[in-house]
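Student: Numbering-wise (our numbering), the sequence shown opens with residue 1 and increments by one.
Quick reminder that beta carbons are idealized off the backbone N, C-alpha and C, glycines included.
Bear in mind the structure is a predicted one, so any value in this text is a computation, not a measurement.
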Amino acid sequence: MNVLIIGSGGREFTMAWKIAQSFHCDQLYVAPGNAGTDLFAENVELSMNDFSAIGEFVLQNDIELVVVGPEEPLVKGIRDYFHADDRLKTVAFIGPGQDGAQLEGSKDFSKAFMEKYNIPTAKAKTFTVDSINDGLEYLRKCDFPIVLKADGLAAGKGVIIAGDLETAEKSLRSMLVEEQFGEASRKVLVEEFLAGIELSVFILTDGEDFVVLPEAKDYKRIGEGDTGPNTGGMGAVSPVKFATPGFMEKVKSQVIEPTVQGLKSEGIDYKGFIFIGLMNVAGEPYVIEYNVRMGDPETQVVIPRIKNDFVELLIKAADGKLKGYKLETSPSFATTVVLVSGGYPGSYEKNKSIQGLADVTNALVIHAGTKQQDYEILTNGGRVLAVTGIGDTLEEALKISYHGATNIRWENVYYRKDIGKDILTL
Ligand code: AMP
Ligand code: GLY
Numbered sequence: 001m002n003v004l005i006i007g008s009g010g011r012e013f014t015m016a017w018k019i020a021q022s023f024h025c026d027q028l029y030v031a032p033g034n035a036g037t038d039l040f041a042e043n044v045e046l047s048m049n050d051f052s053a054i055g056e057f058v059l060q061n062d063i064e065l066v067v068v069g070p071e072e073p074l075v076k077g078i079r080d081y082f083h084a085d086d087r088l089k090t091v092a093f094i095g096p097g098q099d100g101a102q103l104e105g106s107k108d109f110s111k112a113f114m115e116k117y118n119i120p121t122a123k124a125k126t127f128t129v130d131s132i133n134d135g136l137e138y139l140r141k142c143d144f145p146i147v148l149k150a151d152g153l154a155a156g157k158g159v160i161i162a163g164d165l166e167t168a169e170k171s172l173r174s175m176l177v178e179e180q181f182g183e184a185s186r187k188v189l190v191e192e193f194l195a196g197i198e199l200s201v202f203i204l205t206d207g208e209d210f211v212v213l214p215e216a217k218d219y220k221r222i223g224e225g226d227t228g229p230n231t232g233g234m235g236a237v238s239p240v241k242f243a244t245p246g247f248m249e250k251v252k253s254q255v256i257e258p259t260v261q262g263l264k265s266e267g268i269d270y271k272g273f274i275f276i277g278l279m280n281v282a283g284e285p286y287v288i289e290y291n292v293r294m295g296d297p298e299t300q301v302v303i304p305r306i307k308n309d310f311v312e313l314l315i316k317a318a319d320g321k322l323k324g325y326k327l328e329t330s331p332s333f334a335t336t337v338v339l340v341s342g343g344y345p346g347s348y349e350k351n352k353s354i355q356g357l358a359d360v361t362n363a364l365v366i367h368a369g370t371k372q373q374d375y376e377i378l379t380n381g382g383r384v385l386a387v388t389g390i391g392d393t394l395e396e397a398l399k400i401s402y403h404g405a406t407n408i409r410w411e412n413v414y415y416r417k418d419i420g421k422d423i424l425t426l
C-alpha cells in the first residue's frame, strides 16, 4: 500500500525509515520531509496545515495509510477533515480527532480529564485574566517552586517554574495580561511542583486496546548537567533503568488503562499514539502532560527497538484490531545524540554545509532540520541531525552515537556530551 507521513523532523524521518522496511509498503511519501527522508521516500511539498491539499494528494496517489507526526494539524482537526469526506474517511489514519487532541491542545482539559478519571497528577488550579486577582491570592498560599503552564500549544515553551513568589506573580501577570504565549496563555494553570525523575511512556491505541511501546528518557535542556534553557530535546535513551517492571505495572494500571478507558467514556474515538510524560516521584508515577503524538527525539530510540512490521501495527490500530497484538521489542539499548545549530534554542544561522555524513558507518544518522541544495546537504533548523546508536549495553550504544557525532561537522555545530551519563551512574 501507499503511505503518507506528515511532518519534517527527526521523528518523521525515523517513522519513514521503519515504514520503508515494511513488507506492506509500496510507495512512501513524506510531506514535507527533509533531505534525509528523500533517501527512502518521496518528499512532497505540502504544508501540514493545508488539509484540502493533503486530501487531494491522498486521493490522487491511492494513499491507504496516513500517519500524522506533529500535534499541530491534529489539534487543528486534520482527522475530522478526513472523516467529514466520504472519499477520505476510509483511509487508515493515525492520530486523534480534535476531541482527543485536546489532551495536548488544552492543559486545562487534560487536567480535568485526569482528575475525573483518578489518574495521578500534580494538583492545579486554572486562572484567566478575569480571575487574576484570585490567582495572585492563590500564589501567596503556595509552596515554592511552583509551576505555571499556558493552557494551549506554545511550542514546548509554555511552562515556567517559579522559584519564589515574586517570579510567580510576575510570570502570571505576563502570561495572562500581556499574553506572553499569545492565545495559548489566555488560561494559565498554577500547578504543584513534582520532584523526581522524568520518563516518557508511549502507547498506540485503537480506542479500545493498546500496546505499550518501549519507554525512553529525553534530555531537554541545552546545557550539560541539565542546565540552561529548554529545547525540543537534545538526546534520548531507551530502555530506562528506573522503568522497572514493577513501576511500569503501576503506570499501566494507574495511568494507561484509565486514560484509554476515560477517552472511551467521553465518547472520544482515539486511534493513534499517546505520549505520557511522567514524573517518577519516589517510585510512584504522576502524569506531567499528555501529547497526542510520538516524542522527538524519543522516537529516534523507541522505533529502532521495535521488531514488528510497523505498517502492520499501524493498520491494526487504525482498524480497531489491536486486541491480542504482541509487540516484540529488542533487548538492545538505543541512544540518540542531537546535533544542533550554534545559538539554538535562541537565534541561529541556517544554510551551513554539513560534512562527514558518509563517514558515519555503524550509527543511524537521522535527519531533522536539513535540506538538499544541488549536491550539498545544508542545515535548515535548530535541531539538525540525531545520531542513533544501538548496542548490547548503554555504554556501547552511547559510544556508537558519539563516534558518529564526532564525524559530522558544520560551522558552529553543538551537542551535549553527557547524554545517558546520569543513568549510567544511577
Ligand atoms: P511540559 O511542556 O508540560 O512538558 O513541561 C515542560 C517541562 O517542565 C517538563 O518536561 C518538566 O521538566 C517540567 N514540569 C512540568 N510540570 C512540572 C511539574 N508539575 N513539576 C515539576 N516539573 C514540571
Ligand atoms: N521530547 C519531548 C517532546 O517531544 O515533546
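1) Once you ignore the five residues that flank GLY95 on each side, which residues in its own chain have a CB closer than 6 Å to its CB?
2) To which residues of the same chain is LEU278 closer than 8 Å at the C-beta, ignoring the five residues directly before and after it?
3) How would the residue list near the ligand GLY read, in chain order, if you kept each one whose beta-carbon is closer than 5 Å to any heavy atom?
4) The ligand AMP and GLU215: does any heavy atom of the ligand fall closer than 8 Å to the residue's C-beta?
5) Please name the residue in LEU165, LEU364, GLU298, SER52 whose C-alpha comes closest to that of GLY232.
6) Would you list, in sequence order, the uninterrupted alpha helix (DSSP H) runs of no fewer than 4 residues that lie entirely inside the segment 297-377?
7) Mapping DSSP to helix, strand and coil, what is SER174?
8) Between which two residues does the beta strand (DSSP E) holding SER401 run?
9) From TYR274 to GLN261, what does the alpha carbon distance come to, in whole angstroms?
10) So which of MET175, TYR290, LYS321, VAL190 has the shortest CA-CA distance to ALA184?
11) Express the C-alpha separation of LYS141 and THR335 in angstroms, rounding to a whole number.
12) Whether or not the segment 325-343 and the segment 377-386 are in contact is what I'm after, with contact meaning three or more pairs of Cβ atoms, one per stretch, closer than 8 Å; do they touch?
13) For the beta strand (DSSP E) holding ARG79, just list the boundary residues, first then last.
14) Leaving out the 5 sequence neighbours to the left and right, which residues in its chain are closer than 7 Å to ILE258 when beta-carbon positions are compared?
15) By the DSSP assignment, the beta strand (DSSP E) with TYR29 in it spans what residues?
16) If you measure from each residue's Cβ to the nearest non-hydrogen atom of the ligand AMP, which ones come out under 5 Å, in chain order?
17) Let me know the secondary structure DSSP gives LEU148 once reduced to three states.
18) Does DSSP classify SER22 as helix, strand or coil?
19) Looking only at its chain, what residues have a beta carbon closer than 7 Å to the beta carbon of GLY356, apart from the 5 residues adjacent to it on each side?
Tutor: Looking at the atomic coordinates:
1) Counting from one through the sequence shown, the residue named residue 95 turns up at place 95. Result list for GLY95: VAL68, LEU74, ARG79, GLY272, in chain order.
2) Counted from its first residue, the sequence shown places residue 278 at position 278. So the list reads GLU198, LEU199, SER200, VAL201, VAL251, VAL255, PRO285, TYR286, VAL287, ILE288, once near-sequence residues are dropped.
3) For the ligand GLY, the selected residues are ASP218, GLY233, GLY295, ASP296.
4) On the sequence shown, residue 215 is found 215 positions in, with the first residue counted as 1. No heavy atom of the ligand AMP is found nearer than 8 Å to the CB of GLU215.
5) On the sequence shown, residue 232 is found 232 positions in, with the first residue counted as 1. Residue GLU298 is the option with its Cα nearest to GLY232.
6) Counting whole runs of 4 or more residues, the segment 297-377 contains the alpha helix (DSSP H) stretches 299-302, 310-318.
7) One-based indexing of the sequence shown puts residue 174 at position 174. Three-state DSSP puts SER174 in a helix.
8) Within the sequence shown, residue 401 is the residue found at index 401, counting from 1. In the DSSP assignment, SER401 falls outside any beta strand (DSSP E) and lies within the alpha helix (DSSP H) extending over 394-407.
9) Locating residue 274 in the sequence shown gives position 274, where the first residue counts as 1. Locating residue 261 in the sequence shown gives position 261, where the first residue counts as 1. Sequence inspection shows Ile at residue 274; the Tyr mentioned does not correspond to that position. When only Cα atoms are considered, ILE274 and GLN261 end up about 13 Å apart.
10) As a working mapping, residue 184 is identified with position 184 in the sequence shown. Considering only alpha carbons, the answer is MET175.
11) Locating residue 335 in the sequence shown gives position 335, where the first residue counts as 1. Locating residue 141 in the sequence shown gives position 141, where the first residue counts as 1. Approximately 42 Å, taken between the alpha carbons.
12) Short answer: they touch.
13) Taking the first residue of the sequence shown as 1, we reach residue 79 at position 79. Taken as a continuous stretch (DSSP letters only), ARG79 belongs to no beta strand (DSSP E), being part of the alpha helix (DSSP H) at 78-83.
14) The residue given as residue 258 occupies position 258 in the sequence shown. A small correction: the amino acid at residue 258 is Pro; Ile does not occupy that position in the sequence shown. Within the same chain, PRO258 has close Cβ partners TYR117, ASN118, ILE119.
15) Reading the sequence shown from its first residue, position 29 is the one you call residue 29. Counted as a single uninterrupted DSSP element, the beta strand (DSSP E) harbouring TYR29 occupies residues 28-32.
16) One residue after another in chain order, those with a Cβ under 5 Å from a heavy atom of the ligand AMP are ALA122, VAL147, VAL159, GLU191, PHE193, LEU194, ILE288, GLU289.
17) Taking the sequence shown and counting its residues from 1, the one referred to as residue 148 is at position 148. LEU148: strand per DSSP, three-state reduction.
18) Working through the sequence shown from its first residue, we reach residue 22 at position 22. In this structure, SER22 counts as coil in the three-state DSSP scheme.
19) Translated into the one-based positions of the sequence shown, residue 356 becomes position 356. Once the five neighbours on either side are set aside, the close Cβ partners of GLY356 are ASN407, ILE408, ARG409.
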